[in-house]
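**Q** Sharing a structure below in structure tokens format, with a few things to ask.
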Amino acid sequence: MSAPAETRIIFKHIDEEGYSNDIACYQKHGGYEILKKSVTQAPPDIRDEVKKSGLRGRGGAGFSCGLKWSFVDRKSGKPIYLVVNADESEPGTFKDRYIIHQDPHQLIEGTMISCFANDVKQAYIYIRGEFPEGARILEKAIQEARDAGFVGKNICGTDYSCDIFVHRGAGAYICGEETGLIESLEGKRANPRIKPPYFPAVLGLYQCPTIVNNVETLCHVKHIMDMGADEYLKIGTPNNTGTRIFCVSGHVKKPGYYEFPCGAVTLGTLLNDVCGGPLEGRTFKAVIPGGSSAKILRFGEKFTIKNKDGTTKEWTVEDIPMDFDSLAAAGTMGGSGGVIVMDDSVNMVDALANINAFYAHESCGQCTPCREGSLWMKKISTRMVHGEARPEDGELIKNVADQIAGRTICAFGEACSWPTQSFVAKFGDEFKTYATDKKAKPADSLELV
Amino acid sequence: MNLKPETLARIDEVITHYPEKRSGTLPLLHLIQEDLGYISDESLEWIATKLELEPINVYEVVTFYPMFRRKPIGKRHIKVCRTLSCALSGGYRTCAKFESEFNTRLGETSPDGEVTVEFVECLASCGTAPVVMVDEVLHENVTEAKAKEISDQIKAEAAQRG
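Those protein sequences? They're chains A and X, same order as listed.
Per the numbering used here, residue 1 is the first one in the first sequence, and the count goes up by one each step.
Per the numbering used here, residue 450 is the first one in the second sequence, and the count goes up by one each step.
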């Protein structure tokens, strides 16, 4: 079967020959025309349009963007801030990198439309510390946009003024969590804040109302204003509108980024037809569909899904449509769109130990269950890998994970527990075999820890 | 502290980006580390004075974020991504190659002071794994053979510098 054609909206010009990241090229392709049109409209109308479009945040949680904007306290009299979350740190995810490097003006235009819609006078782009080149590209692009009157004072000749500054992180995953990001932007450790009672939309940056949106989400805002919510709604499926960028990595022939309408391709089509299938002589063993914190799926397992009319249907991993709701129905999540594929050369204890090392390193340390638990999970899984596995370790490590999820200030508790819980649930036999049969690890297994 | 005039100018400019001076902590740490190579006690105190903070406020930030260093490192910094997608594509073997090429170990600086090799968590380029950053330049699909090429290049540049 041939691969289905992509629907590139956000990635339309990415990798296009002759397309550069300077403002002249962007304007030649119609850049900033949507901003010019948007600033002539009433801000509440733009907010309504975004709400109507059904746009869900592309950072990980999949929360409604329009709803998030509607929570903003517009009566406090305090300035409203918008922060672009460009701290793409979820392992397996790399879409924002290409938007920032190759099409920074698309992000700036989407940001400025969103700022205008929400009466924001000051925006920040919080970018990963590991993207020094990305930060330079953005700073140059913002200056170009400022010189052309699209950022800064009197945008597009109107009374509206709003500036954007780039703020670099310094290697901490937790800065991708919106309240951790705000703390970091205030010059502190990125310890997430307790919410409720105060969400950033009410008390965020400098205790002012604040919107935090992902890079891809803000790019979608531009296209919603371009085509109108009614047209945008036609892309994807109900409650899962628009396109999604899937970042595929690991054991497939053609890893990379692919953009499809939400739910238009199944996981099987994505991996077999779009990404060329497994490597030569290998078979797929497992896949993490939405960044390393999403629950793992095992090839060969079956899911019973309830239809709206009460009837049921059965899915294999290959049958799952790639949208927020279908992946949730299969017990995992669309998350950040990072699809990590593992073939039969991978030992799952090794893979989990690798993931656990990541989350133990990245816990901010504020909540005891997460700080101690993530390290404990890392220690157990690393010990297993290094020849000291015991038959009860699988259960033990799952027990630790069970004590973390739901007991922390932010969702990092879930992010670090879900891999362990799902790996043990799906591959429990491998954890047992690891202890009883030291030859369980195939000779050609990769070193992952 | 001997900061370059352009670093000082940039510091004064960057503080104006924020309504509260404390927000300048991360940008100032980056600028000073880029200029001096690491964050000394003197730098910590200088930033605290500049931003009207206590030194402990800066210290707690420095110890939280992995990119800030309290000690000098080699002239070149090799950061190998350790996270799952890169590991699945052979990132550990890539790292071992750099260690053997420069006769050093993870987190340490080579005996000639030329390079420091480190593992880092996720460089967000999983589709072109394994990836490596040398100073500020990202290298993609770094197999052992490509690691050897990069190492040879670094050695040649060091020899040219004399």
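For every residue, glycine included, the Cβ atom is placed at its ideal position computed from N, Cα and C.
How would you label X:D490, buried or exposed, when you count the other beta carbons within 10 angstroms and need 16 or more for buried?
**A** Here residue 490 of chain X refers to the residue found at position 41 of the second sequence. By the 10 Å Cβ count, X:D490 comes out exposed.
**Q** Could you tell me which residues DSSP puts in a beta bridge with A:A123?
**A** Here residue 123 of chain A is taken as the residue at index 123 of the first sequence, counted from 1. Beta-bridge pairing links A:A123 to A:L82 and A:I164.
**Q** So with Cβ pairs under 8 Å, would you call X:V591 a contact of chain A?
**A** For this step, residue 591 of chain X is matched to residue 142 along the second sequence. No - not a single Cβ of chain A is within 8 Å of the one on X:V591.
**Q** For A:I211 and X:F517, what's the separation of their Cα atoms in angstroms?
**A** Residue numbering aside, residue 211 of chain A sits at position 211 when the first sequence is read from its first letter. Residue numbering aside, residue 517 of chain X sits at position 68 when the second sequence is read from its first letter. Straight-line Cα distance between these residues: approximately 28 Å.
**Q** Return the chain-ordered list of same chain residues with a C-beta closer than 7 Å to the C-beta of A:D22, the five sequence neighbours on each side being excluded.
**A** Taking the first sequence and counting its residues from 1, one reaches residue 22 of chain A at position 22. So the qualifying residues of the chain are E144.
**Q** Residues of the stretch 463 to 474 of chain X in Cβ contact with chain A at a cutoff of 7 Å, in chain order, please.
**A** Correct list: H466, P468, E469, R471, S472, G473 and T474.
**Q** Using a Cβ-Cβ distance cut-off of 8 Å, determine whether X:T456 contacts chain A.
**A** The residue labelled residue 456 of chain X in the question sits at position 7 within the second sequence. X:T456 does not count as touching chain A.
**Q** What is the residue span of the alpha helix (DSSP H) that A:H515 lies within?
**A** Past the edges of chain A, shown from 1 to 449, lies residue 515 of chain A, and the structure says nothing about it.
**Q** Beta-carbon of A:Y257 versus every beta-carbon of chain X: anything under 8 Å?
**A** In the first sequence, the residue the question calls residue 257 of chain A occupies position 257. It does: the Cβ of A:Y257 has a partner Cβ on chain X nearer than 8 Å.
**Q** Using the three-state DSSP reduction, which class does A:D468 fall into: helix, strand or coil?
**A** The question about residue 468 of chain A has no answer here: the residues shown for chain A are numbered 1 through 449.
**Q** To which residues of the same chain is A:G300 closer than 8 Å at the C-beta, ignoring the five residues directly before and after it?
**A** Residue mapping note: residue 300 of chain A aligns to position 300 of the first sequence, counting from 1. Here the set comprises T316 and V317.
**Q** According to a CB-to-CB cut-off of less than 7 Å, which residues of the stretch 518 to 538 of chain X neighbour chain A?
**A** Residues T532, L533, S534, A536 and L537.
**Q** Does DSSP put X:R471 in a helix, a strand or coil?
**A** Taking the second sequence and counting its residues from 1, one reaches residue 471 of chain X at position 22. Here X:R471 sits in helix by DSSP.
**Q** Using a Cβ-Cβ cut-off of 7 Å (strictly less than) and excluding sequence neighbours within five positions of X:K470, which residues of its own chain qualify?
**A** Counting from one through the second sequence, the residue named residue 470 of chain X turns up at place 21. These residues qualify, in order along the chain: I464, L500 and E501.
**Q** Comparing the C-beta of X:F547 with each C-beta of chain A, is any distance below 8 Å?
**A** To locate residue 547 of chain X, count along the second sequence from 1; it is residue 98. Not closer than 8 Å to any Cβ of chain A, the Cβ of X:F547 fails to qualify, so no.
**Q** Kindly identify the DSSP beta-bridge partner or partners of A:S249.
**A** Taking the first sequence and counting its residues from 1, one reaches residue 249 of chain A at position 249. DSSP output for A:S249 lists A:I340 as bridge partner(s).
**Q** Name the two residues that bound the continuous beta strand (DSSP E) containing A:G213.
**A** Within the first sequence, the letter at position 213 stands for residue 213 of chain A. Residue identity check: residue 213 of chain A is Asn in the sequence provided, not Gly. From DSSP, the beta strand (DSSP E) with A:N213 extends over T210 to N214.
**Q** Mind checking if A:Y206 is an interface residue toward chain X, Cβ cutoff 8 Å exclusive?
**A** Translated into the one-based positions of the first sequence, residue 206 of chain A becomes position 206. Cβ-Cβ to chain X under 8 Å: yes for A:Y206.
**Q** Can you confirm whether the stretch 48 to 63 of chain A touches the stretch 193 to 211 of chain A when touching is taken to mean that 3 or more C-beta pairs between the two stretches lie within less than 8 Å?
**A** Verdict: no, contact absent.
**Q** Could you run through the stretch 139 to 171 of chain A and flag, in chain order, every residue whose CB is less than 8 Å away from some CB of chain X?
**A** Result list: F165, H167, R168, G169, A170 and G171.
**Q** Straight-line CA distance for X:E606 to A:A353?
**A** Looking up residue 606 of chain X in the second sequence gives position 157. Looking up residue 353 of chain A in the first sequence gives position 353. Near 37 Å, if we compare the C-alpha coordinates of A:A353 and X:E606.
**Q** Taking 8 Å as the threshold (beta carbon to beta carbon), is A:Y173 in contact with chain X?
**A** In the first sequence, the residue the question calls residue 173 of chain A occupies position 173. It does; some Cβ of chain X falls within 8 Å.
**Q** List, from N- to C-terminal side, the beta strand (DSSP E) runs of 3 residues or more that fit wholly inside the stretch 527 to 606 of chain X.
**A** List check, beta strand (DSSP E) in window: 564 to 569, 581 to 583 and 586 to 588.
**Q** Kindly provide the ranges of any alpha helix (DSSP H) runs that are 4 or more residues long and lie completely inside the stretch 135 to 191 of chain A, ordered along the chain.
**A** If we require 4 residues or more, the alpha helix (DSSP H) runs fully inside the stretch 135 to 191 of chain A come out as 178 to 185.
**Q** Kindly list the residues whose CB is nearer than 6 Å to the CB of A:C493, restricted to its own chain and excluding five residues on each side of it in sequence; keep chain order.
**A** There is simply no residue 493 of chain A to check, as chain A begins at 1 and stops at 449 in what is shown.
**Q** Could you check whether the Cβ of X:A573 sits closer than 8 Å to any Cβ belonging to chain A?
**A** By 1-based counting over the second sequence, the position of residue 573 of chain X is 124. So yes, X:A573 belongs to the interface.
**Q** Check each residue of the stretch 182 to 204 of chain A: if its Cβ is closer than 9 Å to any Cβ of chain X, include it; give the result in chain order.
**A** Cβ contacts with chain X come from S184, L185, E186, G187, K188, R189, A190 and N191.
**Q** Could you work out which residue in X:P579, X:R519 and X:A573 is closest to X:V591 when comparing CA atoms only?
**A** Taking the first residue of the second sequence as position 1, residue 591 of chain X is located at position 142. Among X:P579, X:R519 and X:A573, the Cα nearest to that of X:V591 belongs to X:P579.
**Q** Tell me, to the nearest whole angstrom, how far the beta carbon of X:K595 is from that of X:G562; I am working on the premise that it is less than 8 Å.
**A** Working through the second sequence from its first residue, we reach residue 595 of chain X at position 146. Working through the second sequence from its first residue, we reach residue 562 of chain X at position 113. With a Cβ gap of about 24 Å, X:K595 and X:G562 do not count as contacting.
**Q** Would you mind listing the alpha helix (DSSP H) stretches within the stretch 226 to 293 of chain A that are 4+ residues and don't spill past its ends, in chain order?
**A** Qualifying alpha helix (DSSP H) stretches, in chain order: 229 to 233.
**Q** Which residues of the stretch 234 to 251 of chain A have a Cβ closer than 9 Å to any Cβ of chain X? Give them in chain order.
**A** Going along the stretch 234 to 251 of chain A in chain order, one finds C247, V248, S249, G250 and H251 with a Cβ nearer than 9 Å to chain X.
**Q** Are the beta-carbon atoms of X:V569 and X:F547 separated by less than 8 Å?
**A** Position 120 of the second sequence holds residue 569 of chain X. Position 98 of the second sequence holds residue 547 of chain X. No, they are not a contact pair.
**Q** Quick one: which unbroken alpha helix (DSSP H) runs of 4-plus residues sit fully inside the stretch 41 to 106 of chain A? Chain order, please.
**A** 43 to 53, 65 to 70 and 95 to 102, all fully within the stretch 41 to 106 of chain A.
**Q** Quick one: is A:E16 near chain X, going by C-beta distance under 8 Å?
**A** Taking the first residue of the first sequence as 1, we reach residue 16 of chain A at position 16. False, the Cβ-Cβ gap to chain X never drops below 8 Å.
**Q** With 16 other CB atoms within 10 Å as the buried threshold, where does A:S445 fall?
**A** By one-based count along the first sequence, residue 445 of chain A stands at place 445. Its Cβ having fewer than 16 others within 10 Å, A:S445 is exposed.
**Q** Evaluate the contact criterion for the stretch 379 to 398 of chain A versus the stretch 408 to 427 of chain A: three or more CB pairs, one atom per stretch, below 8 Å.
**A** Cβ pair count under 8 Å is three or more, so yes.
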